[in-house]
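To start, the structure under review is shown below, and the notes come after it.
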Amino acid sequence: NEGLTTAVIIQIDQNKNKSMVINQLLELNPDFFVDQRKEMDYERENIGGLGPIIQGLNIAIYLVSALIIISTMLMSVQEKQKELATLRLLGFEKRHILSLVLVESLLLGLLSVVAGLVLGMLLPITSIDWFMDKMDVQYVELVFPWSDVFMHLSIFSLVILFSSLVPAYQASLAKPIVAY
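In my numbering, the protein residues as written are 170 to 349.
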């Protein structure tokens, strides 16, 4: 085997292109041995076995967020009981009150999610240089997994919507007599 290439290491920019490159290599010569490093990919995707723990934490965060939204909006509805009753006296129907509280909850929730997202992205961007200098390591490029970000935004939007239904329904039950 003197003078022949026995090993080639190929660096791929994106992991999703890996199977395409492997197939192209095997089309060139089916006798090639290609180490696909599936174990490394599995570990990378599950962050060394922490994948299920992180998924559990995400679910816990969704549930706690839903409870906080329900609690906060129920307190808001109780504080506005007389105003809501007055609106009922003025001719608002139950569905109008429900819509009013639901829109308020959605706006507050979505503004909170956007503020959290902006802060969650600005903090690492602004502090990475300081951390890299303190740890005396070479600069690392930050990568935001946009598909995950949009997936969690969608899930939180649904959490906000469903959590807002309970206080909105309770507000719609306000009797006009409460205004007095």
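Cβ atoms here follow ideal geometry from the backbone N, Cα and C, with glycine treated the same way.
Classify S332 as buried or exposed, calling it buried when 16 or more other Cβ atoms lie within 10 Å of its own Cβ. Answer is buried; the Cβ neighbour count reaches 16.
If we count the other Cβ atoms within 10 Å of its Cβ and call it buried at 16 or more, is P293 buried or exposed? So P293 counts as exposed.
Tell whether a beta-carbon distance below 9 Å holds between V270 and S341. Going by C-beta atoms, V270 is nearer than 9 Å to S341.
Should the region 264 to 284 be called in touch with the region 316 to 334, which here means at least 3 C-beta pairs below 8 Å? In short, these stretches touch, since the Cβ pair count reaches three.
Starting from the Cα of L322, find the closest Cα among V306, L275, Y308 and give me that residue. Shortest Cα-Cα distance from L322 to any of V306, L275, Y308 involves L275.
Inter-residue Cα distance where the pair is D210 and N186: One C-alpha to the other measures close to 13 Å.
Contact belief for I257 with P345 at Cβ below 8 Å, rounded distance in angstroms: In the sequence as displayed, the identity of residue 257 is Arg instead of Ile. Confirmed, Cβ separation roughly 4 Å.
If I follow the unbroken alpha helix (DSSP H) through I204, where does it start and stop? Residue 204 is actually Asp in this sequence, not Ile. For D204, no alpha helix (DSSP H) encloses it, and the DSSP letter there is neither H nor E.
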